[in-house]
Amino acid sequence: MEGSACSHIRGADLCRVYKKAGYHGLFITDHFYYGNTAVPRTLPWDEWVHRFCLGYHNAREAGRKLGLDVFFGWESSYYGIDFLIYGLDETWLLAHPQVVDWSVEEQFYEIDRAGGLVVQAHPFREAPYLPRVQLYPDYVHAIEGINTGNAQAVFNRRAVAFARQHQLPITGGSDTHDKHLSGGGMLFFSPIRGGQDFVRAMRERRKALILKAETL
Ligand SMILES: [Zn+2]
2 MEGSACSHIR
12 GADLCRVYKK
22 AGYHGLFITD
32 HFYYGNTAVP
42 RTLPWDEWVH
52 RFCLGYHNAR
62 EAGRKLGLDV
72 FFGWESSYYG
82 IDFLIYGLDE
92 TWLLAHPQVV
102 DWSVEEQFYE
112 IDRAGGLVVQ
122 AHPFREAPYL
132 PRVQLYPDYV
142 HAIEGINTGN
152 AQAVFNRRAV
162 AFARQHQLPI
172 TGGSDTHDKH
182 LSGGGMLFFS
192 PIRGGQDFVR
202 AMRERRKALI
212 LKAETL
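Under the working numbering, the first residue of the sequence shown is numbered 2, with each subsequent residue one higher.
See below:
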């Protein structure tokens, strides 16, 4: 709720839900600047970033007390085409205000150069708020193959097939917006220690199980 206008749960409460469900950790990826952000775009960049990261900081603090690892990311949006960015932090954002106006191609070049990871989010989702399916296999490191917030299993099947076709690794995500668990995520065979560790795991194509709900 701190970072995303469509969220119905605060960062700290979300941690309690995930800890109880047995997760070891999670990424907070709020809707970024041109997505459904809860932070006014009229704010100066420093203040905007600070407010955008608040949900993450609150979650991290709650996670520290609970024994749940909390990592930072964001979901950039290009007229409804969404990308999950991992492995970079608040300090990097503060130093790169130009991030908001990068094209999809520039985003990949710059995030890659900075050591981050670009993942196209739910690429085959069809929904009234999404204008079209548009794919960028050359400008992502991975594809969100399973998104347990998708309404239909076929959207995930298409994403997995697309990733295989382009030999891109897949991630699994929950699309969490409230206290209801959708069962998504990833199970690695060794612990993920931080955002950079996740980037390495994906770039090295470390094996992981992708969690999914029964119906998806
Ligand atoms: Zn949302």
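C-beta atoms are modelled at their ideal positions from N, C-alpha and C, and glycine is treated no differently.
What you are looking at is a predicted structure, and each value in this text was computed from that prediction instead of being measured.
Inter-residue Cα distance where the pair is Gly195 and Arg133: 33 Å
Could you tell me the alpha carbon to alpha carbon distance between Asn157 and Glu145, rounded to whole angstroms? About 8 Å.
Under DSSP, the beta strand (DSSP E) around Val141 begins and ends at which residues? That residue, Val141, is in no beta strand (DSSP E); it is neither H nor E in DSSP.
Got a list of residues with beta-carbon closer than 7 Å to any non-hydrogen atom of ligand 1, in chain order? Ser5, Cys7, Ser8, His32, Asn37, His178
Pick from Ala143, Tyr80, Val18, Pro124 that is closest to Ala154, judged by C-alpha positions: Nearest in C-alpha terms to Ala154, of all of Ala143, Tyr80, Val18, Pro124, is Pro124.
Helix, strand or coil at Tyr137 [DSSP, three-state]: coil
If you drop the 5 nearest sequence neighbours on each side, which residues of the same chain put their C-beta closer than 6 Å to that of Gly173? Contacts found: Ile147, Gly185, Gly186, Met187, Ile211, Leu212.
I need the DSSP call for Glu48, collapsed to helix, strand or coil. In this structure, Glu48 counts as helix in the three-state DSSP scheme.
Helix, strand or coil for Met2 per DSSP? For Met2, the secondary structure class from DSSP, reduced to helix, strand or coil, is coil.
Are there 16 or more other CB atoms within 10 angstroms of the CB of Arg165, so buried, or fewer, so exposed? exposed
Beta-carbon contacts of Ser78 that lie in its chain and below 6 Å, excluding the five residues immediately before and after: So the list reads Tyr35, Gly36, once near-sequence residues are dropped.
Can we say the region 63-74 touches the region 101-111, given the rule of at least three CB pairs closer than 8 Å? no
Taking only three categories from DSSP, how would you classify Gln99? helix
Assign Phe190 to buried or exposed, taking buried as 16 or more other Cβ atoms, counted over all protein chains shown, within 10 Å of its Cβ. exposed
Where does Gly23 land, buried or exposed, given buried means 16+ other C-beta within 10 angstroms? exposed
Take every Cβ of the region 80-96, pair it with every Cβ of the region 50-62, and state whether three or more of those distances are shorter than 8 Å. Touching, yes, given that three or more Cβ pairs across the two stretches are closer than 8 Å.
On the three-state DSSP scale, how would you describe Gly37? In the sequence as presented, Gly is not what sits at residue 37; that position holds Asn. DSSP places Asn37 in coil when its eight states are reduced to three.
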